[in-house]
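Peer 1:
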Amino acid sequence: MTYLYATRKLATNFGIKSARYTTRFHIRYYSLFHLLNQYSKRLLLTQRLYDFSRLIFIVNIILATNAYGLNVINITTSNAIQGHEPYFTIDNGASKLDKFDDFFWITLSDGTTIQASQDTSSFNNPIELPLDMETFASIKTFVPLSSAGDASYPKLDMAELLKTPYSYFGDDDGDGYDTTGEITATATGNLSLKWESPYPGQSTFYDITPIVQQNINALMNNCNGPYKLTITASDTTLITPYGDPQQNTIPSSSHSYYIKPNKLLATTCYAQPSLVYHNQILPSGGYDVSGTLWDEGFSSNDGGITRIPGRGYKVISASNSGDYDGANQIIKNNFPSTGSHGLYFYLIFGGVDPQTVLNANGQTVNAEEGGNVTLSLSAGSTEKWEYFGGSFGIIEPALKVKLNGPRYNSNDKLFRPSTFKIYLDRAKTKLLYEFRLMRWYIPQPVVNYAKSTSSLSEVIAAQNKAKEYCSNFGFGYRLAEVNDYVNTLTPKNGWNIGIPNRNGTWYSRQLSYRDNGQWIGGINSEWGCMVNDWNATTQYSLQCSGYSGSDWDSYYYLTASQASNATVSANNGKPIINHLNFGIPLVYDFNQYGDIYRIACVTP
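Going by our numbering, the residue at position 523 of the sequence shown is 881; the numbering climbs one at a time, nothing skipped.
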């Protein structure tokens, strides 16, 4: 037994693979002094000084047995000799990580570390982040961030933990090391992260890991929280080149943390007018309806098996620049820039409930400047928006914002560009949402100006009559042009002012901007389907419901524009109408169904 112990320790620690210890155990071709020399180097390299006393003991035993050297040791044992299984350690063996809970910690930006065994977070009781501008990268885990050199984030192979700079390996028998002290053990399995966000208004979640992976420095916000972070370890096996036991298998497990941004980060997430129409609810094809800042929703795949309806315009900033010159200004302004009496939209918040905002602002909000237009606020929920294919949207808490201003029958039709602000607090120190109305529209309901079956001369006469009607309002009112409604190009129909180089002939749902002083886009492209009644005037196969209580009572509006430079030359000179449900400029006689045309005035 003495020889066995000596040769076991010597051979094991300088890497002789016969350290498995079967019932017949042989070590040949090593002199005693060679063994001692190798073992001494091993001890010095690995700094295992506590073994020197053991080494002296071994030497004394062996020398007492054979003072002149030992060339062959032949020992027979009746049973295999059992050592210790390898293990993960992050403190050089002081503690053994024999379960994955030790890997499932998170560290917050203020240095607070939360272990899985300590975590009590839930959907209704999430961990609140310490700062008000936190990114996904601010949550540290065992899995290194991509910014720290881990290109495979959010996954880490367990084998990487055995390498520099980790070296999280231990084996009390010295198995799994070479003669220089380098780790030769291997590991299977991986550690992975999964980021999730709740379905709007629900406590179930959908996977946003690919989004986080592409933008680890994106801000976490209350619009998408509370977030769910799940850390999962697969079945993992540590394997050493020799030894008994030679491996250690740890079964898979996981832990989920629920995390929300700081409560000081109350924010406006979306401004939602009618969700009809945009790409998500149209048949596949070249419609290109969802424009800049429009929330297209989320789908786990393009087939839409797991699809979350879009929620309107994304709010990038609470403040509004007020500069509309150039397409680059779209992301610097908030919806809407156009308005009309009776139109309304919903503000969807994160980190604050609609009733709190209503209490802070009251039921009526006046313009900061301008005048003659006010906002009516009410706390409630969003609605389902109806269209020919059904209904669309998610019912969730929101603040309803309704526009009140000059109508066709108002005595005072004055309008000047007006800025509105909605605050989080009564003291008006925390801005939640700001927008500026640049154009005001007054549709004339009930009155028919023309039909699709009217003659060209009749429609031109109707145009002139409508222009006079609008001009009589004063205050710069005029008959609306095509680009006061939409931002699309239809060369076939002789309309060539719109967003350049885009596919499709429908409007693009985005804010309006000016190009060389000319508006690109208007009320239809901003607000979507606008009719106040599903059956407004002529019924149509692509019906939709817009804004009940408004004066927009037709799907078709005669504009002040006439076709020019049309690719279909027969269309040149014809008055252009606008399809109010999906915003396509068409020549007035595009069909012969007898559709009724209304008109709308706009200023400035």
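Virtual Cβ for every residue (Gly too), placed ideally from N, Cα, C.
Ignoring anything shorter than 4 residues, give me the alpha helix (DSSP H) runs that lie fully in the region 713-780, in order along the chain.
Peer 2: Within the region 713-780, no run of alpha helix (DSSP H) reaches 4 residues while sitting entirely inside it.
Peer 1: State buried or exposed for residue 826, treating a residue as buried only when at least 16 other CB atoms are found within 10 Å of its CB.
Peer 2: exposed
Peer 1: Quick check on residue 501: buried or exposed, where buried means 16 or more other Cβ atoms within 10 Å of its Cβ?
Peer 2: buried
Peer 1: DSSP state of residue 825, grouped into three classes?
Peer 2: helix
Peer 1: With DSSP as the reference, identify every bridge partner of residue 613, one or two as the case may be.
Peer 2: Residue 613 is bridged to 589.
Peer 1: Would residue 629 and residue 790 be called neighbours here (beta carbons separated by less than 8 Å)?
Peer 2: no
Peer 1: Do you know how far the Cα of residue 486 is from the Cα of residue 473?
Peer 2: 15 Å
Peer 1: How would you call residue 674, buried or exposed, if buried means at least 16 neighbouring beta carbons within 10 angstroms?
Peer 2: exposed
Peer 1: Taking 7 Å as the cut-off, is the beta-carbon of residue 931 closer than that to any non-hydrogen atom of the ligand ATP?
Peer 2: Only the bare structure without any ligand can be found here, which leaves the ligand ATP out of the picture.
Peer 1: Note the first and the last residue of the continuous alpha helix (DSSP H) segment covering residue 884.
Peer 2: 881-885
Peer 1: From residue 567 to residue 490, what distance separates their C-alpha atoms?
Peer 2: Taking the Cα positions, residue 567 is about 22 Å away from residue 490.
Peer 1: For residue 681, collect the residues of the same chain with a Cβ closer than 8 Å to its Cβ; drop the 5 residues on either side in sequence, then sort them by chain order.
Peer 2: 687, 690 and 691
Peer 1: Pick from 519, 569, 562 and 697: whose alpha carbon is nearest that of residue 481?
Peer 2: 562
Peer 1: Going by Cα to Cα distance, which pick from 535, 720 and 606 is closest to residue 454?
Peer 2: Among 535, 720 and 606, the Cα nearest to that of residue 454 is on 606.
Peer 1: Can you give the Cα-Cα distance for residue 842 and residue 484, rounded to whole angstroms?
Peer 2: 47 Å
Peer 1: How is residue 690 classed by DSSP in three states: helix, strand or coil?
Peer 2: In this structure, residue 690 counts as helix in the three-state DSSP scheme.
Peer 1: Ordered along the chain, which non-local residues of its own chain (more than five positions away) have a Cβ less than 8 Å from that of residue 684?
Peer 2: 871, 872 and 873
Peer 1: Look up residue 670 in the DSSP assignment and give the residues it is bridged to.
Peer 2: 653
Peer 1: Out of 879, 875, 907 and 520, point me to the one whose CA is closest to residue 888's CA.
Peer 2: 907
Peer 1: What's the C-alpha gap between residue 955 and residue 812?
Peer 2: Between residue 955 and residue 812, the C-alpha separation is close to 10 Å.
Peer 1: Who are the Cβ neighbours of residue 405 in its own chain at under 7 Å, not counting the five residues just before and after it?
Peer 2: For residue 405, the predicted model reports a pLDDT of 44, less than 50, meaning its position is unreliable; a value from the coordinates is still stated below. Correct list: empty, nothing qualifies.
Peer 1: Assess, as a yes-or-no matter, whether the region 572-589 is touched by the region 609-620 under the definition of 3 or more beta carbon pairs within less than 8 Å.
Peer 2: Yes: the two stretches touch, three or more of their Cβ pairs being nearer than 8 Å.
Peer 1: Ends of the alpha helix (DSSP H) at residue 568?
Peer 2: 567-572
Peer 1: Please go through the same chain and pick out, in chain order, the residues whose beta-carbon is closer than 7 Å to the beta-carbon of residue 867, but skip the five residues on each side of it.
Peer 2: 636, 647, 648, 649, 652, 883 and 886
Peer 1: Grab me the residues of residue 855's own chain with a C-beta within less than 6 Å of its C-beta, minus the 5 sequence neighbours each way, in chain order.
Peer 2: 841
Peer 1: Let me check one thing: in DSSP terms, what residues is residue 515 bridge-paired to?
Peer 2: 548
Peer 1: In angstroms, rounded to a whole number, what distance separates the CA positions of residue 698 and residue 735?
Peer 2: 16 Å
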